[in-house]
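Visitor: Under my numbering, the first residue of the sequence shown is numbered 36, with each subsequent residue one higher.
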Amino acid sequence: MLLFFILGLFVHFVFFGSIFDIYFTSPLVHGMTPQFTPLPPPAKRLVLFVADGLRADTLYELDENGNSRAPFIRDIIMHEGSWGISHTRVPTESRPGHVALIAGFYEDVSAVAKGWKENPVEFDSLINESKYTWSWGSPDILTMFAKGAYGDHVYTCSYDADIEDFGAHDVTKLDTWVFDKVKEFFHTARNNQSLFSKLNEEKIVFFLHLLGIDTNGHAHRPSSREYKDNIRLVDAGIKEMVSILEHFYGNDGKTAFVFTSDHGMTDWGFHGAGHPSETLTPFVTWGAGIKYPQKVSAQKFDDMFLKEWKLESWKRQDIHQADIAPLMASLIGVPVPLNSVGILPIDYLNNTDLFKAESMFTNAIQILEQFKVKMTQKKEVTLPFLFTPFKLLPESKQLNILRKARSYIKQRKYDEAVSLCKELIRLALKGLSYYHTYDRFFLGINVVLGFVGWTSYASLLIIRSHFNLTRGVSQEVKKPSHLLSCSFIAIGVFVAFFLLLQDCPWTYYIYCLLPVPIWYAVLREFQVIQDFVTLLLTFPPSHFVGYLLVFTLGIEILVLSFFYRYMLTAGLLAFAGWPFITQLWTRAKSISLSWIFFSLLLAVFPLMPVVGRKPDILLVMVAGLLVLLLSLCVLTSLIKRKDSFMNEELLLHLFQMLCIALSMCVMYSTHNSLLKKQGLPLLNQIISWIILASSLILPLLSPTSLFERLFSILLSSMSTYILLSTGYEALFPLVLSCLMFVWIQVEQEILQQHGVSRKQKITSVQFTCNTDITQFRQLHLDDIRRAFFLVFFLVTAFFGTGNIASVNSFDLASIYCFLTVFSPFMMGALMMWKILIPFILVMCAFEAVQLTTRLSSKSISHYVIVMSMTIVLVFLNGLAHLLTTKKLKLCGKPKSHLI
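Below, the structure is given as structure tokens:
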């Protein structure tokens, strides 16, 4: 069984990793040559302002008094430049947003492994193509572009990462620091001849990264006064920067300005997913080469933004975020970044039709170069008779379009040339996507074959080990033929040789070869398949159809709950009615009433708003008080039940209650401190980390009796969960645990009714008891129902308080008791631990169900695999076993007491 467990871990690791190889590989290619527009650019220099985390609506809308929060930017829109909405893509994070802005392509998800900070792959950017670039702002953003640039033409000036503190008194200093450094820079340049000469070169870029708005949004939410005041500060700062630059260059009219944002933010202060509040960002540009405002009588947009923002009369031109990179490149006359997939928005340009057509032609060749390199790379590693080229853009068509476009430019038919170039770009981008996903279907088929085979094999092992197949069927066991073995060996050799000829990555060998031994193992169990089918045929058809319908309905509810949380409520309501259709209601009414009550109570949570959107510290305090009250009741019961109560047990119980009380105090104190903008108190931070660390150890010091160990796990979990809560979710683990305790009693009662075992008191059951293997029984239909309950409770633990499958459902405020300085990996780890706590409570309860129902825990992992749960559940099952069965001995020998 240990070998099976290890094999199961490996298989699920492979299945998990295959997702990234199939869907999230880097789209970048290398080997293209830079493409120049053969005409002089309109600007000598470009200034890029990026207000991190700024939403389009919050910038453009008027405040409650009818005034703009950004009067300078609004004046630009009405009198000097062009504007619109920049549409970003998921993931709406700072690094992918800046990569799209400055490099012109949408970042691959592999960057998350580096916290969106470092380059997982090398890429070209506007900064790299510039003559000189000076940048100011966050070290997380500036360094990633400086690191990938060649030469020494990129200069960065960043503050220390420690001042990126969500709990700081005034985070606008992140922006004022940038403005002050820029002012100091230009003041110094007047007395530094070397710097002065560099600043007067052409093709230079100034990049100002402004992080204050994003930090205020996380700390106080976008609807807060702090967020909106920060917008006013940025607007005033940009006005001052423009004045300084124009004065420094003598108002020569050769400076282009771009103001935008990398991403937006949800109402509850987070980003990362695809909500419109995250993907709609402002875009305003003015200066050299940019069209002046265009007054219009009507505009065709499906949304109501123009009316809400009182900007109906000024032409709005929306763009994709990646389109900004080729626009900025054309303004200062540098090559479009090699990996850019942006399409030049020529409607923003105030230049001749010839310049627009030439720029569009250059953009088309630049994207076509990527297509040709991608096609060549794929063709080189694919057998000639298997290679299927992209049929919509053969080489003859490429040459024909380019020839026609060049001819139109010579004939001054610029509109026709631009249209042809856009068509070529559209086809080239489609071809890029085609070759990027060329192997997706092939790999997907192999992964599906492997997963179906593994599920089948696990099912057959369960059937062979836990079903009585000897009645009425043949007991002869046939050995697998040599032909079967030789056939699969031949298949494996053929697959390996096929992959070797195509020079495939090593991961392809795993995905393609793994199904071979798995399906060999499945076919070796052919006799079991025959016997099981024969057994199924003995069931009455009506019963079989009925069970199948119930099973299908249950699976559908589980699947729908991933998209609609209220389906969990429907499932829990069905659970509440379950005792009425069994003998449980007539034989154990008190247990049935408890089951109904806590099922209904838990059913309320999926109907609540997603966690973090409406924080309520009072509910966190209520959860802590309820846990303390429950602890006192349990402590009193334990003292009364035992003849003598061990000093160590009493001290442990009291210490865990103290941790709960401390968690409440720390949470309340931290909340008030942050409201007063006094930051995270150091003492609170130290206590929080101590409680977190102790919560992992204290359950192992408690007695291994079922009730006491489970309750100790609950107390330790709640002490940490309270620190990680911001509202009603603090009550969730408590209600879930109460239902889990009742579930243990329900399963024991049902087993006794079926005459499988005599009923034991929960308080007398020991997790560490050495159960004789002969006591383990055959599986029944009730065991399938128990497995379904497990999966349903796990899904409820996952989605009960929010759709955490969406990145933007996380609330950074939940980790403020531990840290407030931006640290993506640490913050992610803390939020992940918060998610895992309800999982652990369910798995520990199921460990108890296995014990009280005398079901082998070795078959439980099979159940979980058959129910298509992943490696996480296997890990949690092991963790639950550790937490419930192991005991640390601090000193002396344990004393035995009668119960």
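Heads up, the beta-carbon is just placed ideally off N, CA and C, and yes, glycines get one too.
Are the beta-carbon atoms belonging to Phe523 and Tyr555 less than 8 Å from one another?
Guide: For the purposes of this step, residue 523 is taken as residue 488 along the sequence shown, with counting starting at 1. For the purposes of this step, residue 555 is taken as residue 520 along the sequence shown, with counting starting at 1. Yes, the Cβ-Cβ distance between Phe523 and Tyr555 is below 8 Å.
Visitor: So, with DSSP's three-state summary, where would you put Trp212?
Guide: Numbered from its first residue, the sequence shown carries residue 212 at position 177. If DSSP states are grouped into helix, strand and coil, Trp212 belongs with the helices.
Visitor: If the criterion is Cβ atoms closer than 8 Å, does the pair Leu637 and Leu750 meet it?
Guide: Locating residue 637 in the sequence shown gives position 602, where the first residue counts as 1. Locating residue 750 in the sequence shown gives position 715, where the first residue counts as 1. No; because the gap between Cβ atoms is not below 8 Å, this pair is not in contact.
Visitor: Taking all protein chains shown into account, do 16 or more other C-beta atoms lie within 10 angstroms of the C-beta of Ile54, making it buried, or fewer, making it exposed?
Guide: Taking the sequence shown and counting its residues from 1, one reaches residue 54 at position 19. That one is exposed.
Visitor: On the criterion of 16 or more Cβ atoms from any shown chain inside 10 Å, does Thr423 qualify as buried, or is it exposed?
Guide: In the sequence shown, residue 423 corresponds to position 388, counting from 1. So Thr423 ends up on the exposed side.
Visitor: In whole angstroms, what is the alpha-carbon distance linking Phe853 and Ser723?
Guide: Here residue 853 corresponds to residue number 818 of the sequence shown, with the count starting at 1. Here residue 723 corresponds to residue number 688 of the sequence shown, with the count starting at 1. So the two alpha carbons sit approximately 6 Å from each other.
Visitor: Is Gln412 helix, strand or coil when you go by DSSP?
Guide: By one-based count along the sequence shown, residue 412 stands at place 377. Here Gln412 sits in helix by DSSP.
Visitor: Determine the closest residue to His306 out of Ile785, Leu89 and Phe860, with distance taken between C-alpha atoms.
Guide: Numbered from 1 along the sequence shown, position 271 holds the residue referred to as residue 306. In terms of CA proximity to His306, Leu89 leads the group Ile785, Leu89 and Phe860.
Visitor: Examine the Cβ distances between the segment 193 to 204 and the segment 853 to 870 and report whether three or more of them are shorter than 8 Å.
Guide: Below 8 Å, enough C-beta pairs join the segment 193 to 204 and the segment 853 to 870 to call them touching: three or more.
Visitor: Look at Asp358 and Tyr449 and say whether their C-beta atoms are less than 8 Å apart.
Guide: Translated into the one-based positions of the sequence shown, residue 358 becomes position 323. Translated into the one-based positions of the sequence shown, residue 449 becomes position 414. Going by C-beta atoms, Asp358 is not nearer than 8 Å to Tyr449.
Visitor: Smallest Cα separation from Gln780: which of Leu769, Val800 and Leu766?
Guide: In the sequence shown, residue 780 corresponds to position 745, counting from 1. Its Cα nearest to that of Gln780, the residue Val800 stands out among Leu769, Val800 and Leu766.
Visitor: Would DSSP call Ser193 helix, strand or coil?
Guide: If you number the sequence shown from 1, residue 193 lands on position 158. Strand, per DSSP.
Visitor: So for His204, helix, strand or coil by DSSP?
Guide: Translated into positions along the sequence shown, residue 204 becomes position 169. Here His204 sits in coil by DSSP.
Visitor: Determine the burial state of His244: buried for a count of at least 16 other Cβ atoms within 10 Å of its Cβ, exposed for fewer.
Guide: Reading the sequence shown from its first residue, position 209 is the one you call residue 244. Result: buried.
Visitor: Identify, in the order they occur along the chain, each residue of the same chain with its Cβ nearer than 8 Å to the Cβ of Gln691, setting aside the five sequence neighbours on each side.
Guide: Here the question's residue 691 lines up with position 656 in the sequence shown. Result list for Gln691: Ser666, Leu733, Ser747, Leu750, Ser751 and Ser754, in chain order.
Visitor: Find out if the Cβ-Cβ distance for the pair Ile248, Val269 is shorter than 8 Å.
Guide: Here residue 248 refers to the residue found at position 213 of the sequence shown. Here residue 269 refers to the residue found at position 234 of the sequence shown. Yes. Within cutoff.
Visitor: Three Cβ pairs or more, each shorter than 8 Å: is that satisfied between the segment 365 to 378 and the segment 424 to 434?
Guide: No, the segment 365 to 378 is not in contact with the segment 424 to 434.
Visitor: Taking Cβ to Cβ, would you say Arg256 is nearer than 8 Å to Asp302?
Guide: Within the sequence shown, the letter at position 221 stands for residue 256. Within the sequence shown, the letter at position 267 stands for residue 302. In this structure, Asp302 lies closer than 8 Å to Arg256 by Cβ.
Visitor: Taking 8 Å as the cut-off, does the segment 651 to 663 touch the segment 691 to 703 (at least 3 CB pairs, one atom from each stretch)?
Guide: With a cut-off of 8 Å on Cβ pairs, the segment 691 to 703 is in contact with the segment 651 to 663, counting three or more such pairs.
Visitor: Could you give the residue range of the alpha helix (DSSP H) that holds Pro317?
Guide: Here residue 317 refers to the residue found at position 282 of the sequence shown. No alpha helix (DSSP H) contains Pro317, which is instead part of the beta strand (DSSP E) from Leu315 to Gly322.
Visitor: With 16 other CB atoms within 10 Å as the buried threshold, where does Glu459 fall?
Guide: Locating residue 459 in the sequence shown gives position 424, where the first residue counts as 1. A small fix is needed here, since residue 459 is Leu in this sequence, not Glu. That one is buried.
Visitor: Mind checking who Val85 pairs with in its DSSP beta bridge?
Guide: The sequence position of residue 85 within the sequence shown is 50, counting from 1. Looking at the DSSP assignment, Val85 forms a beta bridge with His244 and Thr295.
Visitor: Between the segment 62 to 71 and the segment 220 to 236, are three or more C-beta pairs nearer than 8 Å?
Guide: no
Visitor: Nearest CA to the CA of Leu622: which residue from Leu786, His355 and Thr803?
Guide: Sequence index remark: in the sequence shown, residue 622 carries index 587 (1-based). According to the sequence as given, residue 622 is Arg; it is not Leu. Answer by Cα proximity: Leu786.
Visitor: Is Ser129 buried or exposed, if buried means 16 or more other CB atoms sit within 10 Å of its CB?
Guide: Position 94 of the sequence shown, counted from the first residue, corresponds to residue 129. Label assigned to Ser129: buried.
Visitor: Using C-beta distances below 6 Å, list every residue in its chain close to Thr191, excluding the 5 sequence neighbours before and after it, in chain order.
Guide: Taking the first residue of the sequence shown as 1, we reach residue 191 at position 156. Ser170, Leu177 and Ala181, listed in sequence order.
Visitor: Helix, strand or coil: which one does DSSP assign to Leu923?
Guide: On the sequence shown, position 888 is the one that residue 923 refers to. Coil, per DSSP.
Visitor: On the DSSP letters alone, give me the boundaries of the alpha helix (DSSP H) that Ser278 sits inside.
Guide: Locating residue 278 in the sequence shown gives position 243, where the first residue counts as 1. Per DSSP, Ser278 belongs to the alpha helix (DSSP H) from Arg260 to Phe283.
Visitor: Buried or exposed for Asn481, please, with buried defined as at least 16 other CB atoms from any protein chain shown within 10 angstroms of its CB.
Guide: Translated into the one-based positions of the sequence shown, residue 481 becomes position 446. Classification of Asn481: buried, given that the 10 Å Cβ count is 16 or more.
Visitor: Tell me which residues share the same chain as Tyr95 and place their Cβ nearer than 6 Å to its Cβ, disregarding the 5 neighbours each side in the sequence.
Guide: As a position in the sequence shown, residue 95 is number 60, starting the count at 1. If we look at Tyr95 and ignore the five residues flanking it on each side, its Cβ neighbours are Trp344.
Visitor: Which one of Gln618, Ile592 and Trp868 has the shortest CA to CA distance from Phe827?
Guide: The residue you call residue 827 lines up with position 792 of the sequence shown. Measuring from the Cα of Phe827, the nearest candidate turns out to be Ile592.
Visitor: What residue range does the beta strand (DSSP E) around Gly172 cover?
Guide: Start at 1 with the first residue of the sequence shown, and residue 172 comes out as number 137. Counting along the chain, the beta strand (DSSP E) containing Gly172 begins and ends at Tyr167 to Gly172.
Visitor: Within the continuous beta strand (DSSP E) that includes Trp344, where are the two ends?
Guide: Counted from its first residue, the sequence shown places residue 344 at position 309. Taken as a continuous stretch (DSSP letters only), Trp344 belongs to no beta strand (DSSP E), being part of the alpha helix (DSSP H) at Phe340 to Trp344.
Visitor: Given a cut-off of 8 Å, decide if Gly324 and Ala291 are closer than it, judged by their beta-carbon atoms.
Guide: What you label residue 291 is simply residue 256 of the sequence shown in a count that begins at 1. What you label residue 324 is simply residue 289 of the sequence shown in a count that begins at 1. Yes, the Cβ-Cβ distance between Ala291 and Gly324 is below 8 Å.
Visitor: Could you tell me if Asp98 is buried or exposed, where buried requires 16 or more neighbouring beta carbons within 10 angstroms of its beta carbon?
Guide: Within the sequence shown, residue 98 is the residue found at index 63, counting from 1. Flag for Asp98 reads exposed.
Visitor: Check whether the segment 714 to 729 touches the segment 605 to 623, taking contact to mean three or more Cβ pairs, one atom from each stretch, closer than 8 Å.
Guide: Result no; under three Cβ-Cβ pairs closer than 8 Å.
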